[in-house]
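Asks: Heads up: the sequence shown begins at 1 in the working numbering, then just goes up one per residue.
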Amino acid sequence: MSSVYDWKQLEQEIGSVLESNKDYRGIIEGVRPLLQKLLTHEELIPAAYQEPLLNKYAQYLLYKPDNEAFSVIAFIWGAGQTAPVHDHLVWGLVGLYRGSVIEKRFKREDHGVSAEPRYSIREVSEVKADKGDITFVYPPDYDIHGVSNPFDDIAITVHIYGTDIGKQERHIHDVQTGTYRDVVTKHDNPVPIYS
Ligand SMILES: [Fe+2]
């Protein structure tokens with residue numbers, strides 16, 4: 001698809017952020033203004049991709065470079081749709097493109113391999129993110145969260161992660177039992193919207 005955005009320029013800009021920052025916090029702060037700019041593009045997400053799926057939130061890959069150093073994804077959250085508590089194991093930023101979501105953040109406290117449960121997850125904050133807001137994740141301490149759209153209107157979030165998140169092996173956590181299961185959340189589109 002012809003592009004409303006200069007993805008090659010974004011590739012260069014993120015590349016230079018990654019070259020000059022070796023810590024996650026520096027990467028987050030370097031990529032934040034690039035996502036802020038991306039969120040202002042009214043035609044970034046084609047109308048056909050802005051409709052929610054019936055059974056779950058939609059996850060559409062917008063763009064990734066050949067080296068998969070990052071990926072840009074749009075998530076479409078229908079009213080009432082939610083993502084379970086999960087980690088990412090990579091840095092990432094979440095920007096509100098349309099509507100609002102609630103993000104709950106959690107911290108993991110390990111009790112040792114022989115303990116039952118082996119760890120517990122404590123909720124540490126809850127924020128409402130509105131259009132233009134940006135939040136972030138990075139391992140290990142800022143990596144676990146849950147996202148939901150309890151509102152009546154569709155919400156759309158645009159994420160930038162430090163890998164192709166559609167291939168990333170990560171975890172969904174059960175807050176009640178202190179257990180997790182492995183997960184790979186594939187994109188709902190087989191090919192990126194932009195290439
Ligand atoms: Fe997430």
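Note that beta-carbon positions come from the ideal geometry of N, C-alpha and C, so glycine has one too. Keep in mind the model is a prediction, meaning the values are calculated, not measured.
Within the continuous beta strand (DSSP E) that includes Glu42, where are the two ends?
Replies: Your numbering for residue 42 matches position 42 in the sequence shown. Per DSSP, Glu42 belongs to no beta strand (DSSP E) and is neither H nor E.
Asks: At 3 residues or longer, what runs of the beta strand (DSSP E) sit wholly inside the stretch 98-161?
Replies: 101-110, 119-129, 134-137, 144-148 and 155-161
Asks: How far does the alpha helix (DSSP H) with Ser195 in it extend, from its first residue to its last?
Replies: On the sequence shown, residue 195 is found 195 positions in, with the first residue counted as 1. Looking at the DSSP string, Ser195 is not in any alpha helix (DSSP H), and its letter there is neither H nor E.
Asks: In chain order, what residues of the same chain lie with their CB nearer than 7 Å to the CB of Ile160, ignoring the 5 residues before and after it?
Replies: In the sequence shown, the residue the question calls residue 160 occupies position 160. These residues qualify, in order along the chain: Val31, Leu35, Phe70, Val72, Gly92 and Leu93.
Asks: Within 10 angstroms of its Cβ, does Pro117 collect 16 or more other Cβ (buried), or is it exposed?
Replies: In the sequence shown, the residue the question calls residue 117 occupies position 117. Exposed is the call here.
Asks: Take Ser120 as the anchor and find which of Ala83, Gln176 and Arg25 has the nearest alpha-carbon.
Replies: Taking the sequence shown and counting its residues from 1, the one referred to as residue 120 is at position 120. Minimum Cα distance to Ser120 is reached at Gln176.
Asks: Taking the alpha carbon of Arg98 as the reference point, which residue from Gln59, Phe106, Lys104 and Glu42 has its own alpha carbon closest?
Replies: The count along the sequence shown starts at 1 and reaches residue 98 at position 98. Nearest C-alpha to Arg98: Glu42.
Asks: In angstroms, rounded to a whole number, what distance separates the CA positions of Glu103 and Lys128?
Replies: Mapped onto the sequence shown, residue 103 falls at position 103. Mapped onto the sequence shown, residue 128 falls at position 128. Straight-line Cα distance between these residues: approximately 6 Å.
Asks: So, His86 versus His173, is the Cβ gap smaller than 8 Å?
Replies: As a first step, residue 86 is located in the sequence shown; it is residue number 86 there, counting from the start. As a first step, residue 173 is located in the sequence shown; it is residue number 173 there, counting from the start. Yes, the Cβ-Cβ distance between His86 and His173 is below 8 Å.
Asks: Quick one: is the Cβ of Thr147 within less than 7 Å of any heavy atom of ligand 1?
Replies: The count along the sequence shown starts at 1 and reaches residue 147 at position 147. Correcting the residue identity first, residue 147 is Val in this sequence and not Thr. Because some heavy atom of ligand 1 lies under 7 Å away, the Cβ of Val147 counts as near it: yes.
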